[in-house]
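Report on the structure given below.
Listed below in structure tokens is the structure:
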């Protein structure tokens with residue numbers, strides 16, 4: 100089961116098991132995104148990824164780049180900071196598990212209009 104929802108910026112972080120972090124581009128233009136994942140306040144992963152724009156030939160009409168693919172399975176408080184590479188301000192989001200499932204995935208999403216947002220997915224049996 101995978102549930103998703105838009106995540107608001109928040110300072111509260113509760114321990115979760117993080118399964119993955121990905122950047123998904125729904126826009127037709129290529130974008131470069133900086134992703135900084137913090138675990139219990141400490142740097143965990145910092146990546147800059149360029150994600151191609153979607154085309155009619157792209158499966159599912161979207162493109163995805165993985166930033167984190169699995170962790171040690173131990174709960175921790177994760178914070179996700181994201182921004183377009185050409186911007187100064189970070190968007191900060193706490194990784195949450197809204198449905199109280201086994202683990203959580205986070206997705207940095209570039210919308211069809213080129214806006215940047217963050218979504219959480221709740222995963223069972225991870």
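In the working numbering, the protein residues as written are 100 to 225. We treat Cβ as the ideally placed atom computed from N, Cα and C, and that holds for glycine.
What's the C-alpha gap between residue 178 and residue 185?
As a position in the chain shown, residue 178 is number 79, starting the count at 1. As a position in the chain shown, residue 185 is number 86, starting the count at 1. Rounded to the nearest angstrom, the two C-alpha atoms are 21 Å apart.
Does DSSP put residue 174 in a helix, a strand or coil?
Here residue 174 refers to the residue found at position 75 when the chain shown is read from its first residue. Three-state DSSP puts residue 174 in coil, outside helix and strand.
Excluding the 5 residues preceding and the 5 following residue 222 in the sequence, name in chain order all residues of the same chain whose CB lies nearer than 8 Å to its CB.
The residue labelled residue 222 in the question sits at position 123 within the chain shown. Same-chain partners within the cutoff: 100, 101, 118, 200, 201, 202, 203 and 204.
For a test of the three-state rule: what should DSSP assign to residue 114, helix, strand or coil?
Position 15 of the chain shown holds residue 114. Residue 114: coil per DSSP, three-state reduction.
Going by beta-carbon coordinates alone, are residue 121 and residue 164 separated by less than 8 Å?
In the chain shown, counting from the first residue as 1, residue 121 sits at position 22. In the chain shown, counting from the first residue as 1, residue 164 sits at position 65. Against a cut-off of 8 Å, the Cβ pair of residue 164 and residue 121 comes out as a contact.
Identity of the residues DSSP links to residue 165 by a beta bridge
Residue numbering aside, residue 165 sits at position 66 when the chain shown is read from its first letter. Per the DSSP secondary-structure output, residue 165 pairs in a beta bridge with 121.
What residues in its chain sit with their C-beta under 7 Å from that of residue 161, if we drop five residues either side in the sequence?
Against the chain shown, residue 161 aligns to sequence position 62. Same-chain partners within the cutoff: 123, 124, 125 and 153.
What does residue 144 pair with, by DSSP beta-bridge criteria?
Taking the first residue of the chain shown as 1, we reach residue 144 at position 45. Answer is 136.
Please state whether the Cβ-Cβ distance between residue 192 and residue 217 is less than 8 Å.
For the purposes of this step, residue 192 is taken as residue 93 along the chain shown, with counting starting at 1. For the purposes of this step, residue 217 is taken as residue 118 along the chain shown, with counting starting at 1. If you check the CB distance, residue 192 and residue 217 come in under 8 Å.
To which residues of the same chain is residue 140 closer than 8 Å at the C-beta, ignoring the five residues directly before and after it?
Position 41 of the chain shown, counting from 1, holds the residue named residue 140. Around residue 140: 176 and 178.
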